[in-house]
Amino acid sequence: AEYMGAFHFPTAMLCPWWLRVFLVGSAVIACAATTMATLGVSWYDMRWAIALVAVGLTLPISLTDIAQHLLHLHNPALQVLVVRLLWMVPIYSLDSFLALRFNLLSIYITTAREMYEAFVIYSFAMLIFRYVALLPDSSGTIVYGSQLSERDMVRRVTQVLNLKQPLRHVFPLCCLRPWPMSGDCEFFLKCRHGVSQYVVWRILASFLVFCMQFAGWYEEGNFSPSGVYLYISLVFWTSQCWALYCLVLLYQALKEELSEMKPLAKFICVKSVVFFSWYQSFFLGLAVYFEWIDKKDEHGHDNATNIQNFLICIEMFIAALVHHYVFASSSDFLLVGAEPESQPIRKSWGSGLRAMFYVKDIADDAKGVTDDLHRSLLAQAKATTQAAQAARAPRSKRDVRAVDVI
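If you use my numbering, the sequence shown corresponds to residues 623 to 1028, in order.
Take a look at the structure:
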């Protein structure tokens, strides 16, 4: 007793609430599965019933975190982006359950989930940009979140990056030249465009898959060169890897400024949900292609798709706990850019949801990306023209000297 008393730890440290919820939730899912197996319930019915239990455990955790942000907005410029990230878990969970329950409509239901993936990646990149822009600059000037425009954000992030040395690319892209940090900061433009291209491609690919599935041209998991699934997967994988690489470069360049935000844990959360779900679907398709698992289940539905949706329902219960720990429990960074004399703005659910889906910031950012791309193309065209003129100039002088000699 004396030994245990000398090394006493609080119960909350030995078993924090999220661990207790995880253990209780896992026990509930296991009991439900055992009971249905004992009653002779078919695996088809058991699968969506267990998924329903997992969704029922996931939604209260995620919606509670979302409600706290929407009802108490200290700093809408950052909190709205965090809420968009938190919505990822309930959307994935509900979408996967509906796709599992209504198999014939699964390809159309999952299209909405895939489009939200693009929204999540954009929101995470904007969270990094806005946080850095709201930090005091070298002269001590502070810009509050309510006053931050898209142009101010770009200017302030560029000023921060102008003071840094160019980053060398990592393997296997070490052959690329480092992107300059000075002037207009090509580094910022490249990283911004790298994230934006994934958003555009993800939306276009989801729309194309939706149309091709409706026309009967798309077969998920068919890796035959004569099908379109292989090529769409390769292009999507390339686009995804490039966006991920640009986010890694941003983290490396702004690691010091983002230290209070703890971006690595948040980055892993977003990456694990968005990218892991796609890789999981890809490898399940490979398993069907090599006949490691059956192509159809006992009811004639796509087996790989059903397994994917079932696993996502279970995984989102774990993701909800991780998101609470990463986003809700460590939220001091949200005070950056908040007006000190203002009190938390208590809003209704409706006004909070309108703030979340208010897409003027997306329209402004899209216009900024388009303008950046236009300026970049004009600069490249001008540089190409000047190089061509410089290459012709010495040749013309030699011709003049040759004529004089003759």
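Just so you know, even glycine gets a beta-carbon here, dropped at the ideal spot from N, CA and C.
- Residues Val944, His945 and Val948 of the same chain have their beta carbon placed closer than 7 Å to that of cysteine 891, with the five preceding and five following residues left out of the count.
- Secondary structure note for histidine 945: its alpha helix (DSSP H) is the uninterrupted segment 925-945.
- If you check the CB distance, leucine 866 and phenylalanine 897 come in under 8 Å.
- Taking every protein chain shown into account, the CB of tyrosine 853 has fewer than 16 other CB atoms within 10 angstroms, so this residue is exposed.
- Between leucine 700 and leucine 749, the gap from beta carbon to beta carbon is short of 8 Å.
- Separation of the CB atoms of alanine 875 and phenylalanine 809 is rounded to 7 Å, and the pair is thereby assigned contact status at 8 Å.
- Below 8 Å, enough C-beta pairs join the stretch 737-747 and the stretch 817-826 to call them touching: three or more.
- DSSP places leucine 880 outside both helix and strand once states are collapsed to three, so it counts as coil.
- Taking a contact as a CB-CB distance under 8 Å, the pair alanine 654 and isoleucine 683 does not count as one, their CB atoms being some 18 Å apart.
- Listed as beta-bridge partners of lysine 917 by DSSP are no residues whatsoever.
- Contact between valine 792 and arginine 778 is absent: CB atoms are separated by about 27 Å, not below the 8 Å threshold.
- Leucine 695 carries a strand assignment under DSSP once its states are collapsed to helix, strand and coil.
- Rounded to the nearest whole angstrom, the C-alpha separation of aspartate 924 and alanine 909 is 13 Å.
- Per the C-alpha coordinates, the member of Ser903, Gln1008, Tyr840 and Tyr738 positioned closest to leucine 716 is Tyr738.
- Annotation for lysine 786: Met803 and Ala875 place their beta carbon closer than 7 Å to its own, counting only its chain and skipping 5 residues before and after.
- If you keep only unbroken beta strand (DSSP E) runs of at least 3 residues inside the stretch 698-785, you get nothing at all.
- A straight-line Cα-Cα distance of about 13 Å links leucine 872 and serine 881.
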